[in-house]
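Trainee: Chains as they are written, first to last, in our numbering: chain A, 1 to 376; chain B, 1001 to 1184.
#1: Would residue 360 of chain A be called buried (16 or more neighbouring beta carbons within 10 Å of its own) or exposed?
#2: Taking 8 Å as the limit between beta carbons, can you name the residues of its chain near residue 109 of chain A, skipping five residues before and five after?
#3: If you measure from the beta carbon of residue 263 of chain A to each beta carbon in chain B, is any gap under 9 Å?
#4: Measuring only the C-alpha atoms, how far is residue 1110 of chain B from residue 1181 of chain B?
#5: Our contact map puts residue 1036 of chain B next to residue 32 of chain A with C-beta atoms below 8 Å; I'd like the distance itself, whole angstroms only.
#6: Distance check for residue 1027 of chain B and residue 282 of chain A, CA to CA, integer angstroms please.
#7: Going by the beta-carbon positions, is the gap between residue 393 of chain A and residue 5 of chain A smaller than 9 Å?
#8: Using only the alpha-carbon positions, how far apart do residue 300 of chain A and residue 294 of chain A sit?
#9: What separation, rounded to the nearest whole angstrom, lies between the Cα atoms of residue 1105 of chain B and residue 1064 of chain B?
#10: Measure the alpha-carbon distance for residue 328 of chain A versus residue 269 of chain A and round it to whole angstroms.
#11: Would residue 87 of chain A count as contacting chain B if we go by Cβ distances under 9 Å?
#12: Assuming residue 337 of chain A contacts residue 1060 of chain B (C-beta within less than 8 Å), just tell me the rounded distance between them.
#13: Output the distance between the C-alpha atoms of residue 376 of chain A and residue 230 of chain A, rounded to the nearest integer angstrom.
#14: Anything in chain A within Cβ reach of residue 1098 of chain B, meaning under 8 Å, just list it in chain order.
#15: Going by C-alpha to C-alpha distance, which of A:280, A:362, A:297, A:262 sits closest to residue 306 of chain A?
#16: Give me the DSSP bridge partner(s) of residue 169 of chain A.
#17: Along the alpha helix (DSSP H) that carries residue 24 of chain A, what are the first and last residues, could you check?
#18: Taking the C-alpha atoms as reference points, what is the distance between residue 1107 of chain B and residue 1085 of chain B?
#19: Residue 159 of chain A by DSSP, collapsed to three states: which one?
#20: With DSSP run on the structure shown, which of helix, strand or coil describes residue 1176 of chain B?
#21: Return the first residue and the last residue of the alpha helix (DSSP H) that residue 275 of chain A is part of.
#22: Give me the Cβ distance between residue 224 of chain A and residue 134 of chain A, rounded to the nearest whole Å; I'm assuming they're in contact under 8 Å.
#23: I'd like the ranges of any alpha helix (DSSP H) spanning at least 4 consecutive residues and lying wholly in the region 238-315 of chain A.
#24: Among A:258, A:170, A:272, A:255, which one has its Cα closest to the Cα of residue 112 of chain A?
#25: Tell me whether the beta-carbon of residue 1169 of chain B lies closer than 9 Å to the beta-carbon of residue 1137 of chain B.
#26: Within 10 Å of its beta-carbon, does residue 7 of chain A have 16 or more other beta-carbons around it, so buried, or fewer, so exposed?
#27: My parser needs the beta strand (DSSP E) runs of 3 or more residues fully inside the region 26-114 of chain A; what are they?
#28: My assumption, with CB atoms under 8 Å, is that residue 358 of chain A sits in contact with residue 253 of chain A. Please give the rounded CB distance.
#29: Between the Cα of residue 322 of chain A and the Cα atoms of A:334, A:333, A:344, A:355, which residue gives the shortest distance?
#30: Would you decide whether residue 1172 of chain B is buried or exposed? Buried here means 16 or more other CB atoms lie within 10 Å of its CB.
#31: With 9 Å set as the bound, which would you pick, yes or no: does the beta-carbon of residue 336 of chain A sit closer than that to a beta-carbon of chain B?
#32: Contact between the region 89-98 of chain A and the region 63-73 of chain A is defined here as three or more beta-carbon pairs at a separation below 8 Å; is this criterion met?
#33: Does any residue of chain B have a CB that is nearer than 9 Å to the CB of residue 259 of chain A?
#34: Three-state secondary structure (DSSP) at residue 360 of chain A?
#35: For a cutoff of 9 Å on Cβ pairs, would you count residue 1077 of chain B as touching chain A?
#36: Would you call the CB atoms of residue 79 of chain A and residue 43 of chain A closer than 9 Å?
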């Protein structure tokens, strides 16, 4: 199929439709609203379900209900709306039904702003909702990758009966890039042995997140985490750039990762042996890839559009082996490549002592720069 | 190869579509391209801008601090982007909407009355295509034919009767800019 120019949000919506999405429930919020708009037009025209719910809380509970029937369902939102969905998400995790959720992140906390941000990494990766549950989190850095990950996420959600969350940010939602859309998958209702579809002629099935007996709840928690071991073994994804001979490695995901790519190329032009690791699955995180790099490189630079959330996963994997530097632009600020190139120079010329608190060192640098960072 | 272009002006001047035309042309010419608009609260306040990056490999940063090329369709955009253009770059200025001359001597500034040229062709809304035409002599990655083909392939059906006028606007912009460039 030929490449077409797709806007990120619309591409996410259409990719879900092509993947056999049966029902969409959502609520508008910038910078994600084009997903909802696309769904509002396309889903009814294809005879599928579209509901603009009265709130995000309602939307996620509609998703929960529809998922219990075995239908392919999704919702999308942006940071404040995702926070509202967290209770429902925990219930979905506890009920073990497959759901796809997209967060087109914006600056926060609170109402924040509508600029691109990666401030919801920890919320997505560590939980957000209450209780003890793992979930898959994927981060695209381009329109094509957003399409590919949406397609993948439905299969992963069903294979592992889990939540798959895609975290993009406002710039990926709003940008247009050439991309190839996959062909339309046939629409059909999958027959799962757990789905509630009416008990006519078979044993009754019950889907619930209630386990009043703690020993049963404990078994549920253990089941979720056995499944998680399988996910960790099979579903780690990352993209490597110029890593073969790299002496220093920049690590960044999503938009921060692609901005870092420009900086890494500039550093290469200067003859510096710098590479880039762009984690695509943030949960499960490519800990092993980072740990292996830590055996042979001289330093890491972690770049994020937040105050150092993925940094903690890199630190876990690095385990103090090589010097680590952090550079973050939180609050809806997108870094420019020259800022990251400056950080690469600093890492190469004066690597921090291993064990130094990378976030604290960064915070001190940002404070010295007048709190305003590099520029407005 | 990578080339960045910023297009800025008031809402309603066709800023975003001008960028999309370049993006379509680049895609159809087999290149990588990223188009990104300003989508912040400023889009409710009347100003609009977008960045187009054309490259022959995977594109990194979607934004650029110092673009080599820009189109500014009004005075606030002229004031904002003139200092940011890379040395040796080019700035296409809509002369119809500014009341001052250039401040830089280390870039090429093309002053072109896009509104008047568009009106003379027959439709004021063509001013963005005049400006895009004026940019092309400075954009070796795309030819006038590439952009015309892109317009033909991607102009919404309801505007198709305007195709010949769009071509005229592009060519007129191109000629004026080419004339000014050869005098530099």
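Beta carbons are placed, not taken as given, at the ideal position from N, Cα and C, and that holds for glycine.
Mentor: On the basis of the coordinates in this document:
#1: exposed
#2: 119
#3: yes
#4: 8 Å
#5: Contact flag wrong, Cβ pair sits at about 16 Å.
#6: 31 Å
#7: Missing from the structure shown is residue 393 of chain A; chain A here goes from 1 to 376 and no further.
#8: 8 Å
#9: 22 Å
#10: 24 Å
#11: no
#12: 7 Å
#13: With a pLDDT of 45 at residue 376 of chain A, under the threshold of 50, the predicted position of this residue should be treated as unreliable, though the coordinate-derived value follows. If you take the alpha carbons of residue 376 of chain A and residue 230 of chain A, they lie about 45 Å apart.
#14: What residue 1098 of chain B touches in chain A: nothing, since even the nearest Cβ is about 24 Å away.
#15: A:362
#16: A:105
#17: Premise fails: residue 24 of chain A lies in the beta strand (DSSP E), 23-26, not in any alpha helix (DSSP H).
#18: 8 Å
#19: helix
#20: helix
#21: Careful: residue 275 of chain A lies outside any alpha helix (DSSP H), inside the beta strand (DSSP E) at 274-279.
#22: 6 Å
#23: 254-269, 287-296
#24: A:170
#25: no
#26: buried
#27: 49-52, 73-77, 99-105
#28: Contact doesn't hold; Cβ gap of about 17 Å is too wide.
#29: A:355
#30: buried
#31: yes
#32: yes
#33: yes
#34: helix
#35: no
#36: no
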